[in-house]
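Enquirer: If you scroll down you'll find the structure; I have some questions about it.
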Amino acid sequence: MSYIIDRRLNGKNKSMVNRERFLRRYRQHIKEAVSESINRRSITDMERGEQISIPTRNTHEPSISHGSGGKQHRVFPGNKEFHAGDQLDKPQQGGGGSGSGKASKQGDGEDEFSFYITRDEFLNYLFDDLALPNMIKKTLSQSKEFKTRRAGFVSEGTPNNLSVVRSLRNAHARRIGMSVGKRRKLKELQAELAGRLSESSADNPEILALKEQIAELERRLKTIPFLDDLDLRYRSQVKVPTPSSKAVMFCIMDVSGSMTQDIKDIAKRFYILLYLFLQKNYEHIELVFIRHHTSAREVSEEDFFYSRETGGTIVSSALKLMQQIIEERYRNTDWNIYAAQASDGDNWDDDSPLCARILSDSLLSMVQYFAYIEITPNQHQALWEAYSGLSRPFSSRFAMAQIRNPGDIYPVFRELFAKDRYQEAV
Amino acid sequence: MSEKVRNYLSTDSDWTFELLEVYDREIARIAKLYKLDTYPNQIEIISAEQMMDAYSSVGMPIGYNHWSYGKQFLATQKSYKRGQMGLAYEIVINSDPCIAYLMEENTMPMQALVIAHACYGHNSFFKGNYLFRTWTDASSIIDYLLFAKNYVRHCEERYGQEEVEQVLDACHALQNYGVDRYRRPKPISATDEKARQKERENILQQQVNDLWRTLPTSLKAEKNTKKRQFPSEPQENILYFLEKNAPLLAPWQRELIRIVRKISQYFYPQRQTQVMNEGWATFWHYTLLNHLYDEGKVTDGFMMEFLTSHTNVVMQPDFDSPYFSGINPYALGFNMFQDIKRICEHPTDEDREWFPDIAGSDWLETLHFAMHNFKDESFIQQFLSPKLMREFHLFSIYDDDEKNQYLIEAIHDENGYRKLREMLARQYDLSVREPNIQIWSVDLEGDRSLTLRHTMQNGTPLSADTHEVLKHLHFLWGFDIHLETFKDERMIKRQSCPQTIIEE
Numbered sequence: 091m092s093y094i095i096d097r098r099l100n101g102k103n104k105s106m107v108n109r110e111r112f113l114r115r116y117r118q119h120i121k122e123a124v125s126e127s128i129n130r131r132s133i134t135d136m137e138r139g140e141q142i143s144i145p146t147r148n149t150h151e152p153s154i155s156h157g158s159g160g161k162q163h164r165v166f167p168g169n170k171e172f173h174a175g176d177q178l179d180k181p182q183q184g185g186g187g188s189g190s191g192k193a194s195k196q197g198d199g200e201d202e203f204s205f206y207i208t209r210d211e212f213l214n215y216l217f218d219d220l221a222l223p224n225m226i227k228k229t230l231s232q233s234k235e236f237k238t239r240r241a242g243f244v245s246e247g248t249p250n251n252l253s254v255v256r257s258l259r260n261a262h263a264r265r266i267g268m269s270v271g272k273r274r275k276l277k278e279l280q281a282e283l284a285g286r287l288s289e290s291s292a293d294n295p296e297i298l299a300l301k302e303q304i305a306e307l308e309r310r311l312k313t314i315p316f317l318d319d320l321d322l323r324y325r326s327q328v329k330v331p332t333p334s335s336k337a338v339m340f341c342i343m344d345v346s347g348s349m350t351q352d353i354k355d356i357a358k359r360f361y362i363l364l365y366l367f368l369q370k371n372y373e374h375i376e377l378v379f380i381r382h383h384t385s386a387r388e389v390s391e392e393d394f395f396y397s398r399e400t401g402g403t404i405v406s407s408a409l410k411l412m413q414q415i416i417e418e419r420y421r422n423t424d425w426n427i428y429a430a431q432a433s434d435g436d437n438w439d440d441d442s443p444l445c446a447r448i449l450s451d452s453l454l455s456m457v458q459y460f461a462y463i464e465i466t467p468n469q470h471q472a473l474w475e476a477y478s479g480l481s482r483p484f485s486s487r488f489a490m491a492q493i494r495n496p497g498d499i500y501p502v503f504r505e506l507f508a509k510d511r512y513q514e515a516v
Numbered sequence: 005m006s007e008k009v010r011n012y013l014s015t016d017s018d019w020t021f022e023l024l025e026v027y028d029r030e031i032a033r034i035a036k037l038y039k040l041d042t043y044p045n046q047i048e049i050i051s052a053e054q055m056m057d058a059y060s061s062v063g064m065p066i067g068y069n070h071w072s073y074g075k076q077f078l079a080t081q082k083s084y085k086r087g088q089m090g091l092a093y094e095i096v097i098n099s100d101p102c103i104a105y106l107m108e109e110n111t112m113p114m115q116a117l118v119i120a121h122a123c124y125g126h127n128s129f130f131k132g133n134y135l136f137r138t139w140t141d142a143s144s145i146i147d148y149l150l151f152a153k154n155y156v157r158h159c160e161e162r163y164g165q166e167e168v169e170q171v172l173d174a175c176h177a178l179q180n181y182g183v184d185r186y187r188r189p190k191p192i193s194a195t196d197e198k199a200r201q202k203e204r205e206n207i208l209q210q211q212v213n214d215l216w217r218t219l220p221t222s223l224k225a226e227k228n229t230k231k232r233q234f235p236s237e238p239q240e241n242i243l244y245f246l247e248k249n250a251p252l253l254a255p256w257q258r259e260l261i262r263i264v265r266k267i268s269q270y271f272y273p274q275r276q277t278q279v280m281n282e283g284w285a286t287f288w289h290y291t292l293l294n295h296l297y298d299e300g301k302v303t304d305g306f307m308m309e310f311l312t313s314h315t316n317v318v319m320q321p322d323f324d325s326p327y328f329s330g331i332n333p334y335a336l337g338f339n340m341f342q343d344i345k346r347i348c349e350h351p352t353d354e355d356r357e358w359f360p361d362i363a364g365s366d367w368l369e370t371l372h373f374a375m376h377n378f379k380d381e382s383f384i385q386q387f388l389s390p391k392l393m394r395e396f397h398l399f400s401i402y403d404d405d406e407k408n409q410y411l412i413e414a415i416h417d418e419n420g421y422r423k424l425r426e427m428l429a430r431q432y433d434l435s436v437r438e439p440n441i442q443i444w445s446v447d448l449e450g451d452r453s454l455t456l457r458h459t460m461q462n463g464t465p466l467s468a469d470t471h472e473v474l475k476h477l478h479f480l481w482g483f484d485i486h487l488e489t490f491k492d493e494r495m496i497k498r499q500s501c502p503q504t505i506i507e508e
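If you want it as C-alpha cells, here you go:
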C-alpha cells in the first residue's frame with residue numbers, strides 16, 4: 091500500500107530561515123570578508139556574488155570525541171603485499187595516506203568553511219549602515235518631479251479625458267430618473283383612455299381631454315435630453331510627486347604627471363563604490379568623467395582611467411567645467427548630482443583658494459554631495475588646506491578624506507557616507 | 005534460462021506518476037514473495053532544491069530552526085553547485101507511514117531502484133530490526149518533530165532567539181550523550197507530549213528544588229546522613245541528568261534539553277546499524293529488480309542503467325586509493341548479505357566449519373533472522389566470512405602512539421580471520437567509537453560542582469574540542485565542571501571549566 095505524492099510545488103526554500111540565521115550569526119565575519127574582497131576585486135567586477143570563507147574553528151560545532159593517539163587497531167581493505175607481523179614506518183606528521191575516519195574527525199581537513207552569497211547580499215553587506223547625506227531631501231514631499239496617476243472620475247475636464255462609458259451610463263440613469271413619474275402617469279392615462287374608448291364614442295370631451303394630456307406628456311418626455319452636460323464624466327489624472335530617480339555622478343580626477351597608475355587605481359575603486367551605491371538608490375545614473383591637468387576635459391571612462399598626461403595642475407579648471415556641464419545638461423531640479431574628486435593634493439598654489447570659492451559660491455548649492463579624496467601618503471598640500479575651510483559650513487554636503495593605501499578605501503568610503511554624518515547634517 | 009516472456013512495464017527512461025504506481029505495485033508484489041514486512045509507503049517526489057533542504061535538516065521533514073542547519077545547507081548548496089557532489093537519489097524516514105523522497109531528476113530505472121531500496125529495503129529494516137523496534141516509535145516521530153518545532157518557536161517568541169540558540173548549541177554539543185542505552189523510552193506523541201509538558205515543568209522544578217534544598221536540616225538528621233552521594237550511581241545520559249537535576253535552568257530550558265535528547269535517541273539506532281541498514285536495502289533493490297528482470301518486466305537497457313548505479317554504490321576503493329574514505333557501508337553490507345545467502349545455498353567446507361548453524365539452511369529465513377536481531381558490531385562478529393575477508397583483502401594494523409611504526413597484526417589468512425573480524429566489529433561498536441564519559445558526582449554541600457569521569461580506552465585521549473563542550477556543559481549546569489580522565493584506575497588528567505587543567 092503506497093501513496094505517491096507530488097511535492098514539487100511545495101516551497102523549496104525551507105532552509106532559508108536557517109540560512110538567514112547562519113548569516114546573522116556570522117555577520118561580523120561575512121562583513122570582514124566582503125570588505126576584504128572589495129580591495130581585491132577588479133573594477134568591472136561588481137556584478138556577482140562572493141565566496142565567503144570563515145575559519146572553521148569559528149563555525150565548528152564541538153562534540154566530544156576521541157583525539158589522536160593511544161593504541162588503536164584499525165581495519166582497512168585492499169591489502170596487497172602486507173603480511174602479519176610486518177612493520178610499516180609511520181608517515182611524518184599528520185597521518186597521511188592512512189588517514190582513516192579518525193583523522194577526518196579532527197576536522198583538520200579544511201581550514202575554512204566557505205559558501206556563496208548572492209550579489210545582492212554582497213552589496214547589502216557592503217553598504218550596510220550606509221546612507222547618503224541629504225537623500226531625504228529628494229523624497230516625496232520636496233520632490234520637484236511629478237508623475238501623473240489616475241484618480242477616479244471627475245465632472246470637469248478636457249474632452250480628451252472624457253470617459254464615454256461613464257458619461258452614457260450617467261445619462262441613462264438620469265433619463266430613467268427624470269422620466270419615471272411621467273411614464274407612470276402616461277401608462278395610467280393610456281389605460282383610462284382605453285377603458286373610456288370601449289364605453290363611449292371617440293368625441294366624448296373627456297376622451298379628448300385625456301388624449302391631450304397624453305400628447306402633452308409624450309412631448310415632455312421627448313424633451314428630456316439624451317445627453318446632458320451633467321452626465322459628462324472625465325478621467326481624473328492627478329500629479330503625484332515622485333522621488334527623482336535620476337542621478338548624475340561626476341568623477342573628477344587629476345591626471346597630471348604626479349598621479350601614478352597606483353593612485354588612479356585607488357581612485358577608481360572609490361568611484362566604483364560610489365557608482366554602485368548610487369545604482370542601488372537611483373534607477374538611472376549618468377556618469378561624467380572630467381580629468382584635468384592645467385586644463386580640464388570631459389572624457390570617456392577608458393581615457394579617464396588609463397591615459398597619461400603630464401604637466402602642471404589647475405584644479406579650478408575642472409570645477410569650472412563641471413559647473414558648465416551642470417548648467418547645460420543637468421538642471422539640478424531633476425537630477426541628483428553627486429561628485430567625487432580624487433587628487434594627490436597637488437595644485438597651483440594660487441588656484442586652491444579659487445577652487446574653494448567656486449565650490450562654496452556655486453557648486454555646493456547645486457550638488458547633493460561632493461566628496462574630495464586625497465590619495466597621498468604625504469603631508470596635506472594647499473588644496474586640502476583650502477578645502478578644509480569648507481567642511482564646517484557645508485558639512486551636510488561636503489566631505490573630504492585622505493587615503494593612503496587601497497585598504498583605506500572602504501573605511502574612508504564608509505566614513506564619508508556614514509549614517510551618523512548624515513544624522514548630524516539633519 | 006528458457007525463452008523469456010517479455011511484458012515490459014515501460015521502455016522509456018522518463019517516469020510518470022502512472023508508471024511509478026505500476027512499478028511500485030510490481031515491486032510490492034515481489035517484496036511480498038520475499039516476506040518483506042513494511043510500513044505503508046508515502047512516496048514523495050521532490051526537486052533538487054528540496055532535496056538540499058531535506059539534506060540540511062538531517063533528512064527530517066520537519067525540524068526546529070537552528071543556524072547549524074543553515075550551515076549544513078550552505079555547505080550542501082556549494083558542493084552541489086560546484087558539481088563536487090551529486091545529491092542522493094533518495095532520503096527515507098523511519099516513520100509510519102514510511103516517507104521516502106524521490107528526486108524528480110531521476111530516470112525511470114533510477115526511480116524503480118530507489119523505490120525498491122528505500123520503500124521496501126530500508127522500510128522493512130525500520131520495521132523489523134530490534135534496535136528500531138526498541139528505541140524508536142515510527143508512528144509518533146512526525147508528530148513529535150512538529151511539537152518540537154512549535155515548542156522551539158514558542159520559546160523564541162517568548163524568551164528570545166539568542167537565549168534559545170544558546171541552549172540548543174549546548175545541547176547539540178552533548179547530543180551523543182543524551183541517549184539511554186539500556187532502558188526503553190516510552191513512545192512519544194505530540195498530543196500526550198503537550199499535555200504532559202506543563203505538568204512536567206512543575207514537577208520537575210519541584211524535584212530540582214528539593215535536591216537543592218538549602219534549609220538547614222535538623223542536627224540529628226545531619227549526623228545520620230554522612231555525605232550524600234549524588235548521583236548514587238554514575239550516569240551516562242548526560243542530557244537526561246541535566247534535564248532532571250541542573251539547578252538553575254528554567255522549565256522551558258529543560259524542555260529544550262528533552263527535545264534534543266529525544267531526537268538524539270531517535271537517531272541512535274541509525275548510528276549503530278549503518279552497514280546493516282544500507283546493506284539490507286542494497287541487497288533488496290538488487291534482488292527485487294533482478295527478479296523483475298527475470299520475469300521479463302523490464303528491458304535490458306533498464307538493467308544496464310540499474311547495474312551501473314548499483315555497481316557505483318557498492319564500490320570499495322582500496323586503502324591506498326585516492327577515493328578511499330573508510331569502509332563503504334553499502335559495499336560491506338551488501339556483500340555480507342549476499343554472502344550469507346551464498347553460505348545458505350552453496351556452502352563450502354570452510355563455510356560449514358565457520359557457520360555450522362546456517363550453512364545449508366533456508367537463506368530467506370536466515371537473512372530475516374540476521375536483519376531482525378543484530379546491529380553492525382554483532383552482525384559483523386557473527387556473519388563476516390573468511391571468503392569475504394579475502395575478497396576485501398582486509399588487514400588490521402596496530403597503531404601505538406609511542407612507536408614509530410605501525411604493526412600489521414592480522415591479514416586475510418587462516419591465522420588472521422578471527423582477529424580481523426573482531427577488530428572490524430569493534431570498529432562499529434559505538435561504545436568504542438565514542439569516549440566513555442559519565443556523570444560521576446555532584447558536590448551537593450559544597451560548591452555544587454559537577455564531576456564527570458572519562459575512562460580512557462586504549463590510551464586514547466579526548467579531542468581538542470572537549471574544552472568547548474565543557475563550556476556548554478558549564479552553561480547548562482551553572483556551576484563548575486570537572487572532567488577527570490582515568491587510565492587504569494588512576495587519574496591522569498583533570499580539566500575544569502572555568503579553566504584549570506591539571507595534567508600529570
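Which chain is which? The protein sequence lines are A and B, in order. In my numbering, each residue's number is its place in the first sequence (first place is 1) plus 90. In my numbering, each residue's number is its place in the second sequence (first place is 1) plus 4. For glycine and all other residues, C-beta sits at the position ideal for the given N, C-alpha and C. Treat the numbers as computed from the prediction; the structure is a model and nothing was measured.
1) Could you give the DSSP three-state label for histidine 471 of chain B: helix, strand or coil?
2) Three-state secondary structure (DSSP) at proline 145 of chain A?
3) Can the beta-carbon of proline 44 of chain B be found closer than 8 Å to that of serine 143 of chain A?
4) Tyrosine 420 of chain A by DSSP, collapsed to three states: which one?
5) Using only CA atoms, which one of B/Ala174, B/Ile50, B/Leu428, B/Gln54 lies nearest to glutamate 151 of chain A?
6) Kindly give me the distance between the Cβ atoms of serine 153 of chain A and alanine 177 of chain B, rounded to whole angstroms, as I take these residues to be in contact under 8 Å.
7) Decide if the segment 324 to 339 of chain B is in contact with the segment 271 to 285 of chain B; the criterion is three or more beta carbon pairs, one per stretch, under 8 Å apart.
8) By how many angstroms is the C-alpha of aspartate 319 of chain A removed from the C-alpha of lysine 234 of chain A?
9) Along the chain, where does the beta strand (DSSP E) that runs through tyrosine 206 of chain A open and close?
10) Expressed to the nearest angstrom, what Euclidean distance is found between the alpha-carbon atoms of serine 478 of chain A and serine 486 of chain A?
11) Looking at the unbroken alpha helix (DSSP H) that takes in lysine 85 of chain B, where does it start and where does it end?
12) Compare the Cα-Cα distances from valine 244 of chain A to each of A/Gln458, A/Arg325, A/Lys277, A/Leu300 and report the closest residue.
13) List the whole-angstrom C-beta distance separating phenylalanine 130 of chain B from asparagine 98 of chain B, where the pair is believed to meet the contact cut-off of C-beta under 8 Å.
14) Return the Cβ separation of glutamine 303 of chain A and leucine 279 of chain A in integer angstroms, given the expectation that the two are a contact with Cβ distance under 8 Å.
15) Buried or exposed: where does lysine 192 of chain A fall if 16 or more other Cβ atoms within 10 Å of its Cβ makes it buried?
16) So is histidine 382 of chain A in contact with chain B if we call contact Cβ pairs under 8 Å?
17) Over the uninterrupted alpha helix (DSSP H) stretch that includes cysteine 159 of chain B, give me the two end residues.
18) So what does cysteine 501 of chain B bridge to, in DSSP terms?
19) Does the segment 58 to 74 of chain B come within contact of the segment 94 to 112 of chain A, defined as at least 3 CB pairs closer than 8 Å?
20) Need the endpoints of the alpha helix (DSSP H) that cysteine 348 of chain B sits in, please.
21) What are the complete beta strand (DSSP E) segments, minimum 3 residues, inside the segment 346 to 398 of chain A?
22) Name the one or two DSSP bridge partners that threonine 238 of chain A has.
23) Compare the C-beta of alanine 35 of chain B with all C-beta atoms of chain A and state if any pair is closer than 8 Å.
24) Can you tell me the Cα-Cα spacing of glycine 242 of chain A and serine 253 of chain A, whole angstroms?
25) Which word fits asparagine 316 of chain B, buried or exposed, when buried means at least 16 other C-beta atoms lie within 10 angstroms of its C-beta?
26) Mind checking who histidine 163 of chain A pairs with in its DSSP beta bridge?
27) Does the Cβ of aspartate 321 of chain A have 16 or more other Cβ atoms within 10 Å, making it buried, or fewer, making it exposed?
28) Can you name the residues that DSSP bridges to asparagine 45 of chain B?
29) So for isoleucine 362 of chain B, helix, strand or coil by DSSP?
30) Measure the Cβ-Cβ separation of leucine 377 of chain A and tyrosine 365 of chain A and say whether it is below 8 Å.
31) What's the C-alpha gap between isoleucine 499 of chain A and leucine 172 of chain B?
32) CB-CB under 6 Å to tyrosine 116 of chain A, same chain, minus the five flanking residues each way: which ones, in chain order?
33) State the Cα-Cα distance for the pair tyrosine 27 of chain B and arginine 430 of chain B, rounded to the nearest angstrom.
34) Where does threonine 277 of chain B sit, in a helix, a strand or coil, going by DSSP?
Expert: From the atom records:
1) Correct three-state label for histidine 471 of chain B: helix.
2) Here DSSP, grouped into helix, strand and coil, assigns proline 145 of chain A to strand.
3) Contact check for proline 44 of chain B against serine 143 of chain A fails: the beta carbons are separated by 8 Å or more.
4) Secondary structure at tyrosine 420 of chain A: coil, using DSSP grouped into helix, strand and coil.
5) Ranked by how close their Cα comes to the Cα of glutamate 151 of chain A, the residues B/Ala174, B/Ile50, B/Leu428, B/Gln54 have B/Ala174 in first place.
6) Between serine 153 of chain A and alanine 177 of chain B a beta carbon distance of about 6 Å is seen, short of the 8 Å cut, so the two are scored as contacting.
7) A contact exists between the segment 324 to 339 of chain B and the segment 271 to 285 of chain B.
8) Model confidence at lysine 234 of chain A stands at a pLDDT of 48, short of 50, so the residue's coordinates are unreliable; what they give is reported in the following sentence. Linking lysine 234 of chain A to aspartate 319 of chain A through their CA atoms gives a straight-line distance of about 36 Å.
9) It spans 202 to 207 - the beta strand (DSSP E) in which tyrosine 206 of chain A sits, taken as one unbroken run.
10) Looking at the two C-alpha atoms, the distance is approximately 14 Å.
11) Note, lysine 85 of chain B: alpha helix (DSSP H), 71 to 85.
12) If we check each option's Cα against that of valine 244 of chain A, A/Arg325 comes out closest.
13) Between asparagine 98 of chain B and phenylalanine 130 of chain B the Cβ distance is about 4 Å, and since that is below 8 Å, they are a contact.
14) Contact flag correct, Cβ pair sits at about 6 Å.
15) Only weak support exists for where lysine 192 of chain A lies, its pLDDT of 37 falling under 50; the value from the coordinates is given anyway. Flag for lysine 192 of chain A reads buried.
16) No, histidine 382 of chain A does not count as interfacial toward chain B.
17) From DSSP, the alpha helix (DSSP H) with cysteine 159 of chain B extends over 145 to 163.
18) In DSSP, cysteine 501 of chain B forms a bridge with B/Ile485.
19) As far as the Cβ criterion goes, the segment 58 to 74 of chain B touches the segment 94 to 112 of chain A, which means the pair count is three or higher.
20) Per DSSP, the unbroken alpha helix (DSSP H) holding cysteine 348 of chain B starts and ends at 333 to 349.
21) Those beta strand (DSSP E) runs which fall completely within the segment 346 to 398 of chain A and span 3+ residues are 374 to 382, 386 to 389.
22) Note: threonine 238 of chain A sits in a beta bridge opposite A/Lys329.
23) Cβ-Cβ to chain A under 8 Å: no for alanine 35 of chain B.
24) Cα to Cα, the separation comes out at about 11 Å.
25) By the neighbour-count criterion, in which a residue is buried when 16 or more other Cβ atoms sit within 10 angstroms of its Cβ, asparagine 316 of chain B is exposed.
26) BP columns for histidine 163 of chain A point to B/Tyr402.
27) Classification of aspartate 321 of chain A: buried, given that the 10 Å Cβ count is 16 or more.
28) Asparagine 45 of chain B is bridged by DSSP to A/Ser92, B/Cys102.
29) In this structure, isoleucine 362 of chain B counts as coil in the three-state DSSP scheme.
30) Yes, Cβ-Cβ distance for leucine 377 of chain A and tyrosine 365 of chain A is below 8 Å.
31) Rounded to whole angstroms, isoleucine 499 of chain A to leucine 172 of chain B spans 40 Å at the Cα level.
32) Non-local beta-carbon contacts of tyrosine 116 of chain A in its own chain, meaning distances under 6 Å to residues more than five positions away in sequence, involve Ile144 in chain order.
33) Distance between the alpha carbons of tyrosine 27 of chain B and arginine 430 of chain B is about 40 Å.
34) If DSSP states are grouped into helix, strand and coil, threonine 277 of chain B belongs with coil.
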